[in-house]
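Peer 1: When we follow this note's numbering, the leftmost residue of the sequence shown carries the number 86, and every step to the right adds one. For every residue, glycine included, the Cβ atom is placed at its ideal position computed from N, Cα and C.
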Amino acid sequence: MASSSTLPDLRRVVTAHDAEGNAIVESDVGIPSQPMGDYEGLAVGTVWASAPIPAKDNNLPEDGAKRYVGGNGLVVPNGAGLRYTDLGPGAITPMHRTSSVDYNVLIQGELTLIMEDGSETHVKNPGDVVIQKGTNHAWCNPGKNWSRWVTVIIDAEPATVKGEALAEVMPA
86 MASSSTLPDL RRVVTAHDAE GNAIVESDVG IPSQPMGDYE GLAVGTVWAS APIPAKDNNL
146 PEDGAKRYVG GNGLVVPNGA GLRYTDLGPG AITPMHRTSS VDYNVLIQGE LTLIMEDGSE
206 THVKNPGDVV IQKGTNHAWC NPGKNWSRWV TVIIDAEPAT VKGEALAEVM PA
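1. Below 8 Å on the Cβ atoms is my contact criterion, and I expect Ser66 with Asp171 to pass it. Report the Cβ-Cβ distance as a whole number of Å.
2. In its own chain, which residues sit with a C-beta less than 8 Å from the C-beta of Ile109, not counting the 5 before and 5 after it?
3. I think Leu191 touches Trp234, with their Cβ atoms under 8 Å apart; what is that distance to the nearest whole Å?
4. Just how far apart, CA to CA, sit Val129 and Pro146?
5. Locate the beta strand (DSSP E) running through Arg233, then write down its first and last residues.
6. Report the three-state DSSP secondary structure of Asn189 (helix, strand or coil).
7. I need the DSSP call for Asp142, collapsed to helix, strand or coil.
8. Grouping DSSP H, G and I as helix and E and B as strand, with all else coil, what is Lys218?
9. Where does the unbroken beta strand (DSSP E) through Tyr169 begin, and where does it stop?
10. Taking Glu201 as the reference, give the member of Asn230, Thr220, Glu195, Pro211 with the closest Cα.
11. Does the separation of the CB atoms of Val237 and Ala165 fall below 8 Å?
12. If you follow the beta strand (DSSP E) that Ser184 is part of, which residue opens it and which one closes it?
13. Could you pull the start and end residues of the beta strand (DSSP E) that Glu205 belongs to?
14. Please tell me whether Ser184 and Val215 are closer than 8 Å, where the distance is taken between their beta carbons.
15. Based on Cα-Cα distance, which residue from Tyr124, Arg97, Trp133 lies nearest to Pro256?
16. Nearest by alpha-carbon distance to Gly122: which of Ile177, Pro243, Lys218 is it?
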């Protein structure tokens, strides 16, 4: 059974306009993470999802965190999403690849980025950024405390090698 993160809910503030066109804070809520499958020490939270691009969110009252993402559950088709991931001490995500460009920003703890060839990159400072361009990878938390990172996931054409599109790799 997957465990729940010990980190607090991620705070999300959403701005919008009132009926007169004044800028307002539309919501200020905590977004709880949820265990992801049966992977011990792995929890994620959807912060927002927008589709299509250009986004129409400026004129919709809908909460983007409650939108159906579809597909593999990570990439918003023809759109972008903002998620966060909590990873427990010693936990490792499954190896995975999506047809997306991902902007990952470490905000707490530390991570090890594991590439499919086994090479590792230590991501250790809050604010460190990893750009994923459709590569097969996993994450490991080598620390003693929970880690959290935020990811902007943008739908993209599949990465290609020698003219062949690379298939998505998602855990079962």
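Peer 2: According to the structure data:
1. Because the chain in this structure spans residues 86 to 257, residue 66 falls outside the shown range and cannot be described.
2. As a first step, residue 109 must be located in the sequence shown, where it is residue number 24. Non-local C-beta neighbours of Ile109 in its own chain, meaning closer than 8 Å and more than five positions away in sequence, comprise Thr100, Ala101, His102, Asp103, ordered along the chain.
3. As a working note, residue 191 is residue 106 in the sequence shown. As a working note, residue 234 is residue 149 in the sequence shown. Under the criterion of beta carbons closer than 8 Å, Leu191 and Trp234 qualify as touching, at roughly 5 Å.
4. Your numbering for residue 129 matches position 44 in the sequence shown. Your numbering for residue 146 matches position 61 in the sequence shown. The straight-line gap from Cα to Cα measures roughly 24 Å.
5. Start at 1 with the first residue of the sequence shown, and residue 233 comes out as number 148. Arg233 -> beta strand (DSSP E) spans 232 to 240.
6. Locating residue 189 in the sequence shown gives position 104, where the first residue counts as 1. It is a strand residue.
7. Residue 142 sits at position 57 when you count from the first residue of the sequence shown. Looking at Asp142 - three-state DSSP - the assignment turns out to be helix.
8. As a working note, residue 218 is residue 133 in the sequence shown. If DSSP states are grouped into helix, strand and coil, Lys218 belongs with the strands.
9. For the purposes of this step, residue 169 is taken as residue 84 along the sequence shown, with counting starting at 1. For Tyr169, the uninterrupted beta strand (DSSP E) segment begins and ends at 165 to 172.
10. Working through the sequence shown from its first residue, we reach residue 201 at position 116. Relative to Glu201, the option among Asn230, Thr220, Glu195, Pro211 whose CA is nearest is Thr220.
11. Counting from 1 along the sequence shown, the entry for residue 237 is found at position 152. Counting from 1 along the sequence shown, the entry for residue 165 is found at position 80. A contact, by the Cβ cut-off of 8 Å.
12. Here the question's residue 184 lines up with position 99 in the sequence shown. Taken as a continuous stretch (DSSP letters only), Ser184 belongs to no beta strand (DSSP E), as it is neither H nor E.
13. Mapped onto the sequence shown, residue 205 falls at position 120. Start and end: 205 to 208.
14. Looking up residue 184 in the sequence shown gives position 99. Looking up residue 215 in the sequence shown gives position 130. No, Cβ-Cβ distance for Ser184 and Val215 is not below 8 Å.
15. Position 171 of the sequence shown holds residue 256. For Pro256, the closest of Tyr124, Arg97, Trp133 by C-alpha to C-alpha distance is Tyr124.
16. The residue given as residue 122 occupies position 37 in the sequence shown. Selected option, being the one with the closest Cα: Ile177.
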